[in-house]
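The next block holds one structure in the form of structure tokens; read it before the comments.
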Amino acid sequence: TSIYALPVKDVCILDEIYEFQWEFSDILNKTKDAFKPKLLSKVIDYLETHVHALLGPNKNNEAAMQGVKEELHNIESIKDLFMVLQRKYISWFNYELIVKLVDVFLPNNRSLKRTWSDYKEKLKDYLLNSGGLLTDADALEFGITDVPPGTRVMIAKVDRDDY
1 TSIYALPVKD VCILDEIYEF QWEFSDILNK TKDAFKPKLL SKVIDYLETH VHALLGPNKN
61 NEAAMQGVKE ELHNIESIKD LFMVLQRKYI SWFNYELIVK LVDVFLPNNR SLKRTWSDYK
121 EKLKDYLLNS GGLLTDADAL EFGITDVPPG TRVMIAKVDR DDY
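Residue 106 in our numbering is what sits at position 106 of the sequence shown, and the numbering runs on without skipping anything.
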């Protein structure tokens, strides 16, 4: 026999995540507005050069890299660029690529850098002190095989069931 139990949803946690998503969207919009159209070709060139970083180690193969490069070639505006990045490569908890683009292409925009830094600290504090979003787990339980056996890892559960 099996026992079935409905998942417990913590409304407070869901509300907090919702707030982070809104804050991320607001900051991303400010960032998009700060990137002027004349930077588009340089940003695309930068991303093509760093396509392996977009894909990560698990999807880093020639076919995937070529697909990303073709997708980047079809981008015609800063708005298109940010839509592609948000749809495929960044999220409210995985935003370091945007921070890197700000550092590289808007190095004098201290306000935007500070905004992203504040967001990072707020998110870090939330994840470490939220009581349940981070789990200390055996790496193999989550399919992480590139660490020594018995290694404990921190796993963060997020709204799309990504870990």
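Cβ coordinates follow ideal geometry from the N, Cα and C atoms, glycine included.
If you reduce the DSSP assignment to three classes, tell me which class residue i lands in.
{"i": "Ala-5", "result": "Caution applies to Ala-5, whose pLDDT of 45 falls short of 50 and renders its modelled position unreliable; the model cannot decide the point."}
{"i": "Ile-27", "result": "helix"}
{"i": "His-52", "result": "helix"}
{"i": "Asn-109", "result": "coil"}
{"i": "Phe-35", "result": "coil"}
{"i": "Leu-123", "result": "helix"}
Can the beta-carbon of residue i be found closer than 8 Å to that of residue j?
{"i": "Ile-78", "j": "Phe-35", "result": "yes"}
{"i": "Val-99", "j": "Asn-109", "result": "no"}
{"i": "Leu-55", "j": "Ala-64", "result": "yes"}
{"i": "Phe-93", "j": "Lys-32", "result": "no"}
{"i": "Glu-23", "j": "Tyr-119", "result": "yes"}
{"i": "Leu-123", "j": "Phe-20", "result": "yes"}
{"i": "Lys-69", "j": "Val-51", "result": "yes"}
{"i": "Ile-27", "j": "Trp-116", "result": "yes"}
Which residues does DSSP pair with residue i in a beta bridge?
{"i": "Ser-91", "result": "Asn-94"}
Decide if residue i is buried, meaning its Cβ has at least 16 other Cβ atoms within 10 Å, or exposed.
{"i": "Thr-49", "result": "exposed"}
{"i": "Leu-14", "result": "exposed"}
{"i": "Ala-5", "result": "The predicted model places Ala-5 with a pLDDT of 45, which falls under 50 and marks its position as unreliable, so this point remains unresolved."}
{"i": "Leu-112", "result": "buried"}
{"i": "Leu-128", "result": "exposed"}
>> List, from N- to C-terminal side, the alpha helix (DSSP H) runs of 4 residues or more that fit wholly inside the segment 54-94.
In response: Fully enclosed alpha helix (DSSP H) runs of no fewer than 4 residues occupy 62-73 and 78-88 of the segment 54-94, in order along the chain.
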